[in-house]
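A.B. asks:
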DNA sequence: ACAAAGATCCGT
DNA sequence: CGGATCTTTGTA
């Protein structure tokens, strides 16, 4: 099976996010074992104008990777304990990212990174070329039911962006 | 330098 | 509902 290529990620985050549902997140561990998990829940963070997006504070050391071309990995630590896994989308200088919130068997962004052993060392890696983490298509995802809701845990944002239904969940 | 907050999770 | 736990960021 071939992994998803650059053109999948260099689109608007609102197109990429729901399109990731049902596809496979593939992790090759250091000891050689390969595990594949169907993606079940994602959220879109869209540009400097989106007050829930880290890039709303502008270009910093942490948000720098979101300004790169789509397909890169954005990882950060939250509450001192949990690594959040994101994929950068769109073209250069358009800061967008998809937060991976759930995979088959592991609901919760902090739980899935713990199980997949993903940490700061993945920051900036390219999904198209690295040998530890990538996305593969699903030949049988023609009949997906997708539910949309507001995003989780962003009470600090203003009403306009708090209410955007930019969380996408596979509806079984 | 220092203080504050945070895209979460778990146990009570 | 509160505690864990530490990086990033803003302010001085």
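Numbering (my numbering), first residue to last: 1 to 172.
Just so it is clear, CB atoms sit at the ideal spot from N, CA and C, and this is done for glycine as well.
None of these values were measured; they are calculated from a predicted model.
Taking the alpha carbon of residue 96 as the reference point, which residue from 32, 103, 147 and 72 has its own alpha carbon closest?
C.D. replies: 72
A.B. asks: Helix or strand or just coil, what does DSSP make of residue 27?
C.D. replies: strand
A.B. asks: Using CA coordinates, which residue listed in 62, 138 and 169 is at the minimum distance from residue 3?
C.D. replies: 138
A.B. asks: For residue 122, tell me which candidate among 67, 29 and 53 has the shortest Cα-Cα distance.
C.D. replies: 29
A.B. asks: Tell me, please, whether the stretch 136 to 150 touches the stretch 45 to 54 by the rule of three or more beta-carbon pairs shorter than 8 Å.
C.D. replies: No, the stretch 136 to 150 is not in contact with the stretch 45 to 54.
A.B. asks: Given residue 43, which residues of its chain have a CB within under 8 Å of its CB, disregarding the five upstream and five downstream residues?
C.D. replies: Hits under 8 Å: 17, 98, 99, 101, 151, 152, 166, 167 and 168.
A.B. asks: To the nearest angstrom, how far is it from the Cα of residue 158 to the Cα of residue 164?
C.D. replies: 10 Å
A.B. asks: Who are the Cβ neighbours of residue 5 in its own chain at under 7 Å, not counting the five residues just before and after it?
C.D. replies: 128
A.B. asks: With DSSP collapsed to three states, give me the class of residue 84.
C.D. replies: strand
A.B. asks: With distance defined between alpha-carbon atoms, name the residue in 140, 171, 161 and 9 nearest to residue 66.
C.D. replies: 9
A.B. asks: Under the three-state reduction of DSSP, which class applies to residue 67: helix, strand or coil?
C.D. replies: helix
A.B. asks: Around the C-beta of residue 31, are 16 or more other C-beta atoms found within 10 angstroms, so that it is buried, or is it exposed?
C.D. replies: exposed
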